[in-house]
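Encoded as structure tokens, the structure appears first; notes follow it.
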Amino acid sequence: MQPLPGFRDFLPDDCAARNYIFARWRDVARRYGFVEWDGPLLEPTDLYRKKSGAEIVDQLFNFIDKGEREVALRPELTPTLARVIAAHEREFKKPLKWFSIGQFFRYEKQQRGRLREHFQLNCDIVGEAALATDIELIALGIDILRAFGFTEKDFVVRISDREFWTELLRSKNVSTDRWDELLQVIDKSEREPRAKTIEKLGNLADPVFAILGEGGKSEKLEQIVDGLHTRGLSDYVDVDVRIVRGLAYYTGVVFEVFDRAGKLRAIAGGGRYDNLIEQLSDGAISMPALGFAMGDVVLGELINETPRARDAMKETIAAEHKIDVYIVIAKEQRRADALAQIQQLRDRGYRVNYPLTAEKVGKQFQTAEDLGASLALLYGDEWPQVKVKNLATRKESLIAHQGLPDSVAKFFNVTASA
RNA sequence: GUGGUCGUAGCUCAAUGGUAGAGCUCCAGAUUGUGGUUCUGGUUGUUGCGGGUUCGAGUCCCGUCGGCCACCCCA
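Using this note's numbering, the first residue of the first sequence is number 1, and each one after it goes up by one.
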């Protein structure tokens, strides 16, 4: 039996890498004053059908449940967030800074960087329309990637503004029901032949290409770059009005993060969705909001392809997985005595391991080495003394078993402060 | 969903249509209680699965499942 296509098993090394990513996500989000929340994995299909646009519904992992409800495994978190905010708006001071780490799903043929399941960090700020909010959120995205050891040479945030384009459409008297479609064409203009884009744009082709040709000047986007410059983060961003993003609910600033080499899919993306909460509350509550999401799959690929980030991850994981003490049972008669002390050491919070069955001493030391233990405690003929070996220096000493937990504590306090 | 390509031991890969192998990993040893290196020995396969052609198929053909790549799309 294999896992379903697009779903992963997380063997210990994979799980360690996943937890490493989660830990940095959580750490930096909290640094920015975000609090953690979560929602259900399964939602009514209608939540996405109405709010995210038709394209997302084609790729929903959805089915009919035993109560004959149409349900979908969540493809993204923003509609859930909007629903939750609409229902609990009065319970929290504004602006809300919320983050969430969870699993998301899509029903689509898998490829590199795109599975049917992945984990995402979502960070959202709700209840504040000022541009300072957009800057804060983009800064958070940058700092999260910096926490993995990436620099401005590894990734870039391309920022854009949907209003930049909707103002043009309005000035050209384009009917609003064509806006989504035209924004998609602009979004794809980078990847498609120019002739095809011109054909799709019709009489808008000339103004659009004129704007793209001169790089697209936007006062709002320049203010964002200035705001990031103040924080020393402006090397991480490029203004690029071609970024529009696929989701229908974005209303203002949008941005996507890419690797500088341009080899991978987008690492993260987000933007402002000032109308979504109002839509989901049927007009009862109106609140500006914006957010972004970062997935574990592409991020993991970039970590593995960037030596600095990969080494940092390996070192961190190795250090976290080390045990403190390995117990060598040299004489089986001492096993009971050893177990009594193992319990004491574990009660004090040390990571302690020992052989479950009788093993040769040499093999036990090998295991201590493999597990990354700092100390080995040998229980044998020396009893009631215990032989303590510093595995780094290979120095040994004898200590009476009654004083052993304190000696171990002293050893680790000294090494910790050294 | 469409097209291309690949599928051999836990991993990386060999094997002109003629008895399925190597390296690494793993396990056990190398004069009774000490980590690395080295040495010796050992385990592991319905060659993804199912049909077909052939005296004989890992190899050729068809189907199917899975991976990868491109398209589509991208939360």
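Quick reminder that beta carbons are idealized off the backbone N, C-alpha and C, glycines included.
- Secondary structure of residue 305 (DSSP, three-state): helix.
- Taking the C-beta atoms as reference points, residue 106 is found nearer than 8 Å to residue 116.
- Residue 289 sits in a strand when the DSSP states are folded into three classes.
- Each residue's CA atom was taken as its position, placing residue 41 and residue 406 some 48 Å apart.
- Annotation: the continuous alpha helix (DSSP H) that includes residue 345 extends over 335-347.
- The beta carbons of residue 389 and residue 404 sit no closer together than 8 Å.
- C-alpha of residue 177 to C-alpha of residue 57: approximately 19 Å in a straight line.
- Of the residues 119, 224, 320 and 312, the one whose Cα lies closest to the Cα of residue 138 is 224.
- For residue 165, the uninterrupted alpha helix (DSSP H) run begins and ends at 162-171, by DSSP.
- In chain order, 329 place their CB closer than 7 Å to the CB of residue 335, counting only its own chain and leaving out the 5 sequence neighbours on each side.
- DSSP assignment within the region 247-301 yields the following whole alpha helix (DSSP H) runs of 4 residues or more, N-terminal first: 276-280.
- Relative to the Cα of residue 69, the nearest Cα in the group 79, 86, 47 and 83 belongs to 47.
- Under the DSSP assignment, residue 127 falls outside any beta strand (DSSP E); it carries neither an H nor an E label.
- For residue 380, the closest of 358, 368, 391 and 369 by C-alpha to C-alpha distance is 358.
- Residue 144 has its alpha-carbon roughly 19 Å from the corresponding atom of residue 253.
- Counting the other Cβ atoms within 10 Å of the Cβ of residue 260 gives fewer than 16, which makes it exposed.
- Where residue 370 is concerned, the enclosing alpha helix (DSSP H) starts and stops at 361-370.
- Taken through DSSP and simplified to helix, strand or coil, residue 42 comes out as strand.
- According to the DSSP secondary-structure assignment, residue 121 is paired through a beta bridge with 101 and 294.
- The continuous alpha helix (DSSP H) containing residue 228 extends over residues 219-230.
- Distance from residue 323 to residue 371 at the Cβ level is roughly 5 Å; contact confirmed, criterion being Cβ atoms closer than 8 Å.
- Annotation for residue 328: no alpha helix (DSSP H) segment contains it, though the beta strand (DSSP E) segment containing it runs 325-329.
- Collapsing the DSSP output to three states places residue 407 in a helix.
- Taking 8 Å as the cut-off, the Cβ atoms of residue 129 and residue 280 do not count as close.
- For residue 120, same chain residues with a beta-carbon under 6 Å away, outside a window of 5 residues either side, are 104, 293 and 295 in chain order.
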